[in-house]
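Number of protein chains: 2
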Amino acid sequence: MGERMSSHVARPDAPSTRKGRATRDRIVAAAADLMYRHGVAGTSTPAVRDAAGVSSSQIYHYFADKDDLTRAVIAFQSDAILSYQAPALARLDSLAALRAWRDVVVDAARPGNGAGGCPLGSLSSELSDDQPWARAALASSFAAWSGALRAGLAAMVDNGTLRPGADPDRLALALLAAVQGGLLLGQAQRSTDALEAALDTVIERISGHAAECPSQG
Amino acid sequence: MGERMSSHVARPDAPSTRKGRATRDRIVAAAADLMYRHGVAGTSTPAVRDAAGVSSSQIYHYFADKDDLTRAVIAFQSDAILSYQAPALARLDSLAALRAWRDVVVDAARPGNGAGGCPLGSLSSELSDDQPWARAALASSFAAWSGALRAGLAAMVDNGTLRPGADPDRLALALLAAVQGGLLLGQAQRSTDALEAALDTVIERISGHAAECPSQG
DNA sequence: GTAAGATTGGATTGTCAAATCCATTGCGAG
DNA sequence: CTCGCAATGGATTTGACAATCCAATCTTAC
Numbered sequence: 003m004g005e006r007m008s009s010h011v012a013r014p015d016a017p018s019t020r021k022g023r024a025t026r027d028r029i030v031a032a033a034a035d036l037m038y039r040h041g042v043a044g045t046s047t048p049a050v051r052d053a054a055g056v057s058s059s060q061i062y063h064y065f066a067d068k069d070d071l072t073r074a075v076i077a078f079q080s081d082a083i084l085s086y087q088a089p090a091l092a093r094l095d096s097l098a099a100l101r102a103w104r105d106v107v108v109d110a111a112r113p114g115n116g117a118g119g120c121p122l123g124s125l126s127s128e129l130s131d132d133q134p135w136a137r138a139a140l141a142s143s144f145a146a147w148s149g150a151l152r153a154g155l156a157a158m159v160d161n162g163t164l165r166p167g168a169d170p171d172r173l174a175l176a177l178l179a180a181v182q183g184g185l186l187l188g189q190a191q192r193s194t195d196a197l198e199a200a201l202d203t204v205i206e207r208i209s210g211h212a213a214e215c216p217s218q219g
Numbered sequence: 003m004g005e006r007m008s009s010h011v012a013r014p015d016a017p018s019t020r021k022g023r024a025t026r027d028r029i030v031a032a033a034a035d036l037m038y039r040h041g042v043a044g045t046s047t048p049a050v051r052d053a054a055g056v057s058s059s060q061i062y063h064y065f066a067d068k069d070d071l072t073r074a075v076i077a078f079q080s081d082a083i084l085s086y087q088a089p090a091l092a093r094l095d096s097l098a099a100l101r102a103w104r105d106v107v108v109d110a111a112r113p114g115n116g117a118g119g120c121p122l123g124s125l126s127s128e129l130s131d132d133q134p135w136a137r138a139a140l141a142s143s144f145a146a147w148s149g150a151l152r153a154g155l156a157a158m159v160d161n162g163t164l165r166p167g168a169d170p171d172r173l174a175l176a177l178l179a180a181v182q183g184g185l186l187l188g189q190a191q192r193s194t195d196a197l198e199a200a201l202d203t204v205i206e207r208i209s210g211h212a213a214e215c216p217s218q219g
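Keeping their order, the protein sequence lines are chains A and B.
Heads up: the first sequence begins at 3 in the working numbering, then just goes up one per residue.
Heads up: the second sequence begins at 3 in the working numbering, then just goes up one per residue.
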């Protein structure tokens, strides 16, 4: 699947030696951390060099330019988020499971009181308008994320938890938007209130689609 | 001690002459536009100088430094958004009015297919983590925004449209999160689907709090 | 009208980031 | 072992940006 539209010479995604792979990974991890905390524009390659404990030439040996490194960071964060939530997303077949996923998301944001926001959301906000290649990558990550939610909701329709009237696509988008909006507001408000309010409200609406007559609380 | 923490001389927020005021406004408007499209870090003071048709010294005559200019841009965008929605927010006393506000928000995003996102949201995502002064200003803008929504929902409880069980605070936060999350996703997906799904889902939940027995659509 | 101060022009300085270069060291297949 | 290529170190180049400076020109209060 990974073609590349880059205007620069292709670097192998996986260096040929063990050591090279480790170095490349260290660079990506350091860059991901710095870009998460200070943004892409706020992260200089010298800063990445120091944080990763490598020399300038390593970065440009493994990546064509800063954009290429940023591309790798987007992939890194997409993997991190999706694999972190994978257990909760895989079991999404009941309202209780949906609330368990909600707790996974909220608990991840609680330690910093909302600081940082969503790694993918921050990248998207900074890059989507100006960098078409980044927009495409982020859009497909979001699609994968909402797709997993959609699959869970569809399963709940299939197994009779939700009535057929429920629209899994629409509700999955609403859930993901609640996460992103809640985290963005939490960054400014330094709390998880918005995240909880948004997620809980959407989940209450989903509960309204439950098969048995709703006695909503 | 106890003087100001800034290392620079304070600039008057309003220049003393008519011409000076116009120049200052032109600089802020140009900076707001550029920062909206390319981010704060992606906007150089030379770019602002050219877009506003002024010379370098003007910028530093009216603003202590780039942070000070950014501060003015945040205030500018807060005013712009709140005054743009003011008419719809002031009349928020029925479910129909709530849906009308929804349309105002969605229609504003439709032309660009979600490009750009929310001016306040973008600023918050970029600045909140690193710039405490920006975080505080943005938090209070968001608070004013959700406060207006809260007031509308409270009015709907008072006038009997919604049952007393509805929590205006929580629902207002959920609405604002839906806007922010929907716009952020729309930036990457280049559509208003997420915004509409998120807003409609939250509004459906609010409709579930309607006084008469819900026959939700 | 005329000074005092506000406003403007544009050259300039210091700093830092992105990217390149070349010389060296280390790894791994045969 | 040893040759070829991968990997590394660090100096260097080039360019852009934030911020300053000083001289010149408008505004306005009197």
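Don't be surprised by glycine CBs; every beta carbon is placed ideally from N, CA and C.
Could you spell out where the alpha helix (DSSP H) holding Phe-262 of chain A opens and where it closes? Residue 262 of chain A lies beyond the stretch modelled for chain A, which goes from 3 to 219, so this question has no answer here.
Counterpart residues of Leu-164 of chain A in DSSP-defined beta bridges: Answer by DSSP bridge pairing, in chain order: A:Ala-212.
Distance cutoff 8 Å, beta carbons only. Does Gly-55 of chain B sit that close to anything in chain A? No, its Cβ sits nowhere closer than 8 Å to a Cβ of chain A.
Other residues of its chain near Ser-80 of chain A: CB distance less than 6 Å, five sequence neighbours each side excluded: Excluding positions up to five away in sequence, the list reads Ser-143.
is_contact[Val-204 of chain A, chain B] using C-beta, thresh 8 Å: Chain B contact via Cβ: present.
How many Å lie between Asp-174 of chain B and Lys-68 of chain B at the Cα? One detail in the question is off: residue 174 of chain B reads as Ala in this sequence, not Asp. Answer to the nearest angstrom: the Cα atoms are 34 Å apart.
Would you mind working out which of B:Ala-24, B:Leu-178 and B:Ser-209 sits nearest Leu-201 of chain A, comparing C-alpha positions? Taking only the C-alpha atoms, the option nearest Leu-201 of chain A is B:Leu-178.
As a quick exercise: from B:Trp-147, B:Ala-92 and B:Trp-135, pick the residue whose alpha carbon is nearest that of Ala-157 of chain B. Answer by Cα proximity: B:Ala-92.
Please classify Phe-78 of chain A: does DSSP put it in a helix, a strand, or coil? Three-state result, Phe-78 of chain A: helix.
Determine the contact status of Glu-206 of chain A and Arg-207 of chain B, defining contact as a CB-CB distance below 8 Å. For Glu-206 of chain A and Arg-207 of chain B, yes; Cβs fall inside 8 Å.
Considering only residues of the same chain and omitting the five flanking positions on each side of Asn-161 of chain A, which have a CB-CB separation below 7 Å? Residues of the same chain with a CB within less than 7 Å of the CB of Asn-161 of chain A, apart from the 5 flanking positions on each side, are Asp-95 in chain order.
Partner residues on chain A for Glu-128 of chain B, Cβ-Cβ distance less than 9 Å: The answer, in chain order, is Gly-41, Ala-43, Gly-44, Ser-124, Ser-127 and Glu-128.
Same chain, Cβ closer than 6 Å to Ser-126 of chain A, neighbours up to 5 away in sequence not counted: The beta carbon of Ser-126 of chain A is closer than 6 Å to those of Leu-140 in its chain, skipping five residues each way along the sequence.
Please check the pair Arg-28 of chain B and Ala-54 of chain B, which I expect to be a contact at CB under 8 Å, by giving their CB distance rounded to whole angstroms. With a Cβ gap of about 5 Å, Arg-28 of chain B and Ala-54 of chain B count as contacting.
Establish whether the CB of Asp-105 of chain B and some CB of chain A are separated by less than 8 Å. It does not; no Cβ of chain A falls within 8 Å.
Check whether the Cβ atoms of Ala-212 of chain B and Leu-164 of chain B sit closer than 8 Å, and answer yes or no. Taking C-beta atoms as the reference points, Ala-212 of chain B and Leu-164 of chain B count as a pair closer than 8 Å.
Minimum Cβ-Cβ distance from Asp-67 of chain B to chain A less than 8 Å: Chain A, which has no Cβ nearer than 8 Å to the Cβ of Asp-67 of chain B, makes this no.
Residue from A:Ala-176, A:Ser-57 and A:Leu-186 whose Cα sits closest to the Cα of Ala-145 of chain A: Taking only the C-alpha atoms, the option nearest Ala-145 of chain A is A:Ala-176.
When you compare each of A:Thr-194, A:Gly-114, A:Val-159 and A:Leu-122 to Arg-73 of chain A by their alpha carbons, which one comes out closest? Residue A:Leu-122 holds the alpha-carbon nearest to the alpha-carbon of Arg-73 of chain A among A:Thr-194, A:Gly-114, A:Val-159 and A:Leu-122.
For Asp-52 of chain A, would you say it is in contact with chain B, using Cβ-to-Cβ distances shorter than 8 Å as the test? Not an interface residue.
For Arg-23 of chain B, tell me which candidate among B:Ala-43, B:Ile-61 and B:Asp-131 has the shortest Cα-Cα distance. If you compare the alpha carbons of B:Ala-43, B:Ile-61 and B:Asp-131 with that of Arg-23 of chain B, the shortest gap goes to B:Ile-61.
Measure the C-alpha to C-alpha separation of Met-37 of chain A and Ala-43 of chain A and round it to an integer number of angstroms. So the two alpha carbons sit approximately 8 Å from each other.
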